[in-house]
Amino acid sequence: MNWHFYRSSSLLTIASAAREEADGWLWEAEMPRAETRIHHPSSVRLPWSVLKTTVAALKTWQLSVSRRREIADLSPELLRDIRAHAIDLPDHGADPTPVATADPIRAIGAALRAQGRRRLLVDHSIGGIFEPAPSRPPRGSKLRTNRQHFGESAMPNHQRSATRTTTLAHQPGSIPGETGLRAADRPIVTKQELPSAVPLMALSTGFWAFKTLAAAHELDLFSRLASGAATTVAGLAEALGLHQRPAEMLLTGCAALGLLEKTDGRYRNTPLSETYLVKGKPYYFGGFVQMADKRLYAGWGRLAEALRTNRPTTWGPAVQSSMFEGEDPTMLALFWEAMHSLSTMTARKLGEAVDLSHFRRLLDIGGGSGAYDIELCKQYGALRATVFDLPHVAAIAAGKIAEAGLTDRIETADGNFFEQLPGDHDVHLLSMIMHDWDEAKNRALLRRSFEALPSGGAVVISELLVNDEKTGPAPAALMSLNMLIETEGRNYTPAEYSAWLEEAGFRHVETVWFDAPAANGAVIGRKP
């Protein structure tokens, strides 16, 4: 039997999801002595059948996001963690050489499918997968710690600070069939150090990166460098009227953040900046950057106040009935431009993840600028749509629809979705709407949707979904806090949405996962 040793909490989470595929956990006493390996006390051993099932499920998840629920505890952070820490394995030899791979999931799969009695160890203190030394090391060879095994000089500082353990092979002279571990065989903990403070530094200074982006956008840097244009430090300083010192620092900062690249002393946009930060581009994201800088940043500066009072901080609930009443027109324009840029890319991913080909008319409830309708009608040639929102918002949508040349397929309708919904639509879309409201209003809205839909119709709730355990993922959890400073709502879980849909009368409820700026999934309910 092949045994594999895990000390990565993330991989343990994945492995535990496949536990029903095996006969349960097998303890050390059940291991034949020939297979005994020395391991860290926090390690957990899993049989090959569990790992094989886990790897198969992981690869399925990567190829088909709609089947992500096959692994119960999988989350975006978890996948990123695996990708960040996975390395490939050499085919032979006792001294492993980590090899970078563009497809870490396949690397894990290849490693776990290795034939024979190769044993693997996944170790977060090292950040990878490696194959321990042969079961009987050559006479006279010295025991090597993981630190020595990989070569400390190749490891980042924050990884060097982790606990050092020695992985030992079965020692000559042991009694065959022995199931207990001798003291000499046990792990050697050479040093226990404090955890690295690097992650806290990254959290504490996260606003440095955002304000660098915001300042560069405000100075129109990326639009100046559109279509392959380039600049030097002196050239940018002259063009913007800056001293060369701050001009150089800004260009260096943007290059470090992956927003610019430097060739032969000249800075150019990266594909990321060229696609999303150049004004006039189809997927221009600058509106959201500007709103985050001019509107949200100040509100987040008062987050502790919002936590204490349970009231928004980006507008005055004591004097305004909503975030839109009496708001500065310039700030409102920023808001709607931001929502349009954020929604455009999210709608594209939603259309790829959710099949709308069998629906004929979509009602976008609280549809804002119509970004979802424009993108979805581009993807589905037979689909028609209606943007349903307050009168002043519907007027904004009408302008965007005209710009897109889709006035023959997309219309607007004025109204309050808490009071009534237009009929004659077979699919309803609630995109980034339900996180604005409390539970009672959301449940009432879903009941109204159910009443307005025909039999066979469906409602699609597209949101950044908090997981059912309410431990993440970070984008959804932080968006929920953003709702604290902006609205009366929060980001909800698939379980919460599913319960409300069932209560309203919807059946065959499912959650479809995808990756987009403003949503990570959609909860779908169908009317019988």
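Going by this note's numbering, the sequence shown opens with residue 115, and the numbers climb by one from there.
No residue lacks a Cβ here, since even glycine has one placed at the ideal position from N, Cα and C.
Q: Identify every run of the alpha helix (DSSP H) within the region 405 to 488, keeping only runs that are complete inside it and at least 4 residues long; order them along the chain.
A: As far as the region 405 to 488 is concerned, its whole alpha helix (DSSP H) runs of at least 4 residues are 411 to 414, 417 to 423 and 443 to 467.
Q | Contacts around Thr625, its chain only, beta-carbon distance under 6 Å, and the 5 residues preceding and following it disregarded | A | Pro608, Gly635 and Val637
Q | Helix, strand or coil at Lys325 [DSSP, three-state] | A | helix
Q. Thinking C-beta only, is Asp478 closer than 8 Å to Ala499?
A. yes
Q. Between Ala412 and the ligand NAD, is the CB less than 7 Å from at least one heavy atom?
A. Among the components modelled here there is no ligand, and therefore nothing to report on the ligand NAD.
Q) Ends of the beta strand (DSSP E) at Trp627? A) Arg621 to Trp627
Q: For Lys668, collect the residues of the same chain with a Cβ closer than 8 Å to its Cβ; drop the 5 residues on either side in sequence, then sort them by chain order.
A: The displayed coordinates of the chain run from 115 to 642. Any statement about residue 668 would go beyond what the structure contains.
Q.
How far does the alpha helix (DSSP H) with Phe336 in it extend, from its first residue to its last?
A. Secondary structure note for Phe336: its alpha helix (DSSP H) is the uninterrupted segment Leu335 to Arg338.
(Q) Suppose contacts are defined by Cβ-Cβ distances below 8 Å. Is Gly480 in contact with Ile524 by that definition? (A) no
**Q.** First and last residue of the uninterrupted beta strand (DSSP E) at Glu375
**A.** Leu374 to Thr377
Q: Using the Cα positions of Ala461 and Ala633, report the straight-line distance between them to the nearest angstrom.
A: Straight through space, the alpha carbons of Ala633 and Ala461 are spaced by roughly 9 Å.
Q) In the DSSP assignment, what are the bridge partners of Gly639? A) Val573
**Q.** Boundaries (first-last residue) of the beta strand (DSSP E) holding Tyr381
**A.** Arg380 to Asn383
(Q) Going by beta-carbon coordinates alone, are Ser457 and Ser545 separated by less than 8 Å? (A) Yes. Within cutoff.
Q) Is the region 569 to 586 in contact with the region 514 to 533, if contact means three or more CB pairs nearer than 8 Å? A) Touching, no.
(Q) Measuring only the C-alpha atoms, how far is Ile152 from Thr319? (A) Note that Ile152 scores 31 on pLDDT, short of 50, meaning its location in the model is unreliable; the coordinates nonetheless yield the value given after this. Answer to the nearest angstrom: the Cα atoms are 41 Å apart.
Q | Reduced DSSP category for His539 - H, G, I as helix; E, B as strand; rest coil | A | Coil at His539, not helix or strand.
Q: Determine the burial state of Glu307: buried for a count of at least 16 other Cβ atoms within 10 Å of its Cβ, exposed for fewer.
A: exposed
Q: Taking Gln534 as the reference, give the member of Leu520, Gly394, Arg561 and Ala518 with the closest Cα.
A: Arg561
Q.
Let's see if you can read the secondary structure: which residues bound the beta strand (DSSP E) around Ala527?
A. Note, Ala527: beta strand (DSSP E), Ile524 to Asp528.
Q: Using three-state DSSP, classify Ala633 as helix, strand or coil.
A: coil
Q: Taking only the alpha-carbon atoms, compute the straight-line gap between Leu333 and Leu497 and give it to the nearest angstrom.
A: 40 Å
Q: Tell me where the beta strand (DSSP E) around Val501 begins and ends.
A: Arg498 to Asp503
Q) Since His549 contacts Asn605 with CB under 8 Å, what's their CB separation in whole angstroms? A) Contact holds; Cβ gap of about 5 Å.
Q | Residue from Arg338, Ser341, Leu339 and Arg359 with nearest C-alpha to Ala348 | A | Arg359
Q.
Using the three-state DSSP reduction, which class does Ser612 fall into: helix, strand or coil?
A. Helix.
Q: Report back the beta-carbon spacing between Ser455 and Tyr398 to the nearest angstrom; my notes put them in contact at under 8 Å.
A: Contact between Ser455 and Tyr398 holds, since their C-beta atoms are separated by about 6 Å, short of 8 Å.
(Q) Less than 8 Å between the C-beta atoms of Ala590 and Arg640, yes or no? (A) Their beta carbons are not under 8 Å apart, which means Ala590 does not touch Arg640 by this criterion.
Q.
Taking the beta carbon of Ala618 as the centre, do at least 16 other beta carbons fall within 10 Å, making it buried, or is it exposed?
A. buried
Q: Over the uninterrupted alpha helix (DSSP H) stretch that includes Pro313, give me the two end residues.
A: Val312 to Ser318
Q.
Taking only three categories from DSSP, how would you classify Leu386?
A. helix
Q | Leu579, DSSP secondary structure in three states | A | coil
Q. Can the beta-carbon of Ile599 be found closer than 8 Å to that of Ala420?
A. Judged by beta-carbon spacing, Ala420 lies within the 8 Å limit of Ile599, meaning their Cβ atoms are closer than that value.
Q.
Judging by CA-CA distance, which residue of Thr366, Ser612, Phe324 and Gly586 is the nearest neighbour of Asn556?
A. Nearest option by C-alpha distance: Ser612.
Q) To which residues of the same chain is His357 closer than 7 Å at the C-beta, ignoring the five residues directly before and after it? A) Ala351
Q) Are Leu373 and Leu386 touching if we call contact CB-CB under 8 Å? A) yes
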